[in-house]
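Take the sequence shown: its letter number 246 is residue 1600 in the numbering used here, and every next letter is one higher.
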Amino acid sequence: MFERLELEAFLTLAEELHFGRTAERLHVTTGRVSQTIKQLERRVGADLFERTNRSVRLTPLGLRLYEDVRPAYEQLRTAMDRAVAAVRRARSTLRVGYVGAAAGQVVHRAADLFARQEPDCLVRARETQVAEALQRLRAGDVDVLVTSLPLAASDITVGPVVFSEARMLAVPSRHPLSGRTAVVMEDLGDIPLLRLAGASPGDWPSDRWPERTPEGRPVRSGPRFETFQEALHLVGSGSGAVIVGAQVTRFYGRPDITYIPFSDAPSVDWAPVWLKSGTTPLVRAFARTAREAADQVHRDSQVTDRRVP
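Below you can see the structure in the form of C-alpha cells.
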C-alpha cells in the first residue's frame, strides 16, 4: 500500500523526470524526494527509475506501475474534490496565494495550523507567478498573498514579516562574476539585469531592478521574464543576471547558474499582503498563523531563526 508522499512523489517524478522540479511541485527538498523514491523501490523490490547524472527515466516496471496507478489516483482526487466542494458550500473559504517554493512551504504549513484554529474556514492555497501575483490579488482570485518585500502599492496592506533571507545574484556559471565569493551592488554595472515583464514602478520599488549602481553607472536591461523558471532559463543561457533570495540555493540549484551573495545589500523579507479593501478578521488571523508556520518550517530545516542563510 502506498503512503501518500510515496504516491505523489512517484507520480510527479514520472511526469517531470527531474528531481528538482518534483521537489518544487511537492514543496519538499530534493533529498526528501530521492529518499522517498528509494524507500518505495525497496518496498517494490526493484528499480522504478533509471538515474544518470544527466537524466531520469522510468524503467519498464516503473512505466507499468505508473499506467496502473495514475487512473486510480485521478479517481481518488476527483472523489476528494467532490467531497471538498460539498463542504465548501457550508464553510467560509480563504484563498491564499504564494510566490516561490519557500513561501509555498510556509503557506501549506499555515493552512494546516489554521484548519485547527478556524475549523469553519477552508484555506485554498495556490501558487502564483511573480509577474501576475498582484494582479491576482486585485482581481479577487486570492484573498492573501505571501510574497517578497518591499512593495510600493498604496492599495495593499503588508502583514508581519514571516521570514527573511540573504539577497543573492544569479549569474551564468561561465560569467566572470561566477568566480567571486561575494558581490556588491556596484557589480550590477557589469552584467545585464533581467526585468520582470509588466512590472509597475508603482508596485515594485527599484531595489529589485535598479536602473543605476550606487556610483551612478547605468545597469543594462536584459530580457524580460514572466515566471521564475523562465528567468532561470535566461540566466543559464547567458542572457543576464537576476537578483534573488537565498532560498533558490535549496530549491533551484542548476549547473549553469551560480548564486553569489551580496555583501552590501539588505535581506529579502517575506510577508503576507492583502488589499486594504479586503481586510477581514480571517485575513489578519491567517497572517499571524503564517508567522507561526514559518517558525515551524525553519525549525524543521534546522534553522535557528527566521533568516535563511
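For glycine and all other residues, C-beta sits at the position ideal for the given N, C-alpha and C.
Would you call residue i buried or exposed, if buried means 16 or more other Cβ atoms sit within 10 Å of its Cβ?
i, result
"arginine 1379", "buried"
"leucine 1419", "buried"
"glycine 1599", "buried"
"leucine 1402", "buried"
"glycine 1513", "buried"
"glycine 1458", "buried"
"glutamate 1519", "buried"
"serine 1502", "buried"
"glycine 1570", "exposed"
"valine 1398", "exposed"
"methionine 1434", "exposed"
"arginine 1521", "buried"
"alanine 1455", "buried"
"threonine 1643", "buried"
"glycine 1594", "buried"
"tyrosine 1437", "It is alanine, not tyrosine, that sits at residue 1437 in the sequence shown. Label assigned to alanine 1437: exposed."
"threonine 1406", "exposed"
"threonine 1482", "buried"
"glycine 1451", "buried"
Are the beta-carbon atoms of residue i and residue j separated by less than 8 Å?
i, j, result
"isoleucine 1391", "alanine 1363", "yes"
"leucine 1542", "proline 1564", "yes"
"arginine 1449", "aspartate 1497", "yes"
"serine 1575", "arginine 1549", "yes"
"leucine 1371", "valine 1423", "no"
"leucine 1499", "proline 1626", "yes"
"valine 1589", "leucine 1547", "no"
"alanine 1647", "valine 1515", "no"
"arginine 1386", "alanine 1377", "yes"
"methionine 1539", "threonine 1567", "yes"
"leucine 1629", "serine 1446", "no"
"leucine 1394", "glutamate 1360", "yes"
"isoleucine 1597", "leucine 1505", "no"
"alanine 1485", "glycine 1416", "no"
"aspartate 1517", "tryptophan 1624", "Looking at the sequence shown, residue 1517 is not aspartate but phenylalanine. Cβ atoms of phenylalanine 1517 and tryptophan 1624: closer than 8 Å."
"alanine 1639", "glutamate 1404", "no"
"threonine 1666", "glycine 1374", "This structure cannot settle anything about residue 1666, because the visible part of the chain is limited to 1355 through 1663."
"leucine 1586", "arginine 1562", "no"
Consider the Cβ of residue i: report whether some Cβ of chain B lies at a distance smaller than 8 Å.
i, result
"arginine 1478", "No chain B appears in this structure, which consists of one protein chain only."
Quickly, what does DSSP pair residue i with across the bridge? List them, please.
i, result
"proline 1626", "Val1500"
"alanine 1595", "Leu1547"
"isoleucine 1611", "Pro1526"
"tyrosine 1606", "DSSP output for tyrosine 1606 lists no bridge partner at all."
"glycine 1451", "Arg1480, Leu1499"
"phenylalanine 1640", "DSSP, once it has assigned bridges, lists no residue as partnering phenylalanine 1640."
"phenylalanine 1616", "Val1537"
Tell me whether residue i counts as near the ligand FMN, meaning its Cβ is closer than 7 Å to at least one heavy atom of that ligand.
i, result
"glutamate 1486", "Because no ligand of any kind appears in the structure shown, any question about the ligand FMN cannot be addressed here."
Review point. Do the stretch 1525-1540 and the stretch 1605-1614 touch if we need at least three Cβ pairs shorter than 8 Å?
Key: A contact exists between the stretch 1525-1540 and the stretch 1605-1614.
Point to revise | Validate contact between the stretch 1460-1477 and the stretch 1417-1432 using beta carbons, cut 8 Å, 3 pairs | key: no
Review point. Does the pairing of the stretch 1489-1497 with the stretch 1574-1582 give three or more beta-carbon distances under 8 Å?
Key: no
Review point. Which ranges does the alpha helix (DSSP H) cover as unbroken runs of at least 4 residues, wholly within the stretch 1567-1592, from first to last along the chain?
Key: Counting whole runs of 4 or more residues, the stretch 1567-1592 contains the alpha helix (DSSP H) stretches 1582-1590.
**Study point:** 4-residue-minimum alpha helix (DSSP H) runs that sit fully inside the stretch 1469-1543, ordered along the chain
**Key:** 1487-1493
Practice item. Determine contact between the stretch 1529-1540 and the stretch 1600-1608, defined as no fewer than three beta-carbon pairs at a distance below 8 Å. Key: Under the 8 Å Cβ criterion, the stretch 1529-1540 does not count as touching the stretch 1600-1608, having fewer than three qualifying pairs.
**Study point:** 4 or more residues per run - each alpha helix (DSSP H) lying fully within the stretch 1373-1447
**Key:** The DSSP assignment places 1373-1380, 1384-1398, 1414-1442 as complete runs of the alpha helix (DSSP H) inside the stretch 1373-1447, in order along the chain (cut-off: 4 residues).
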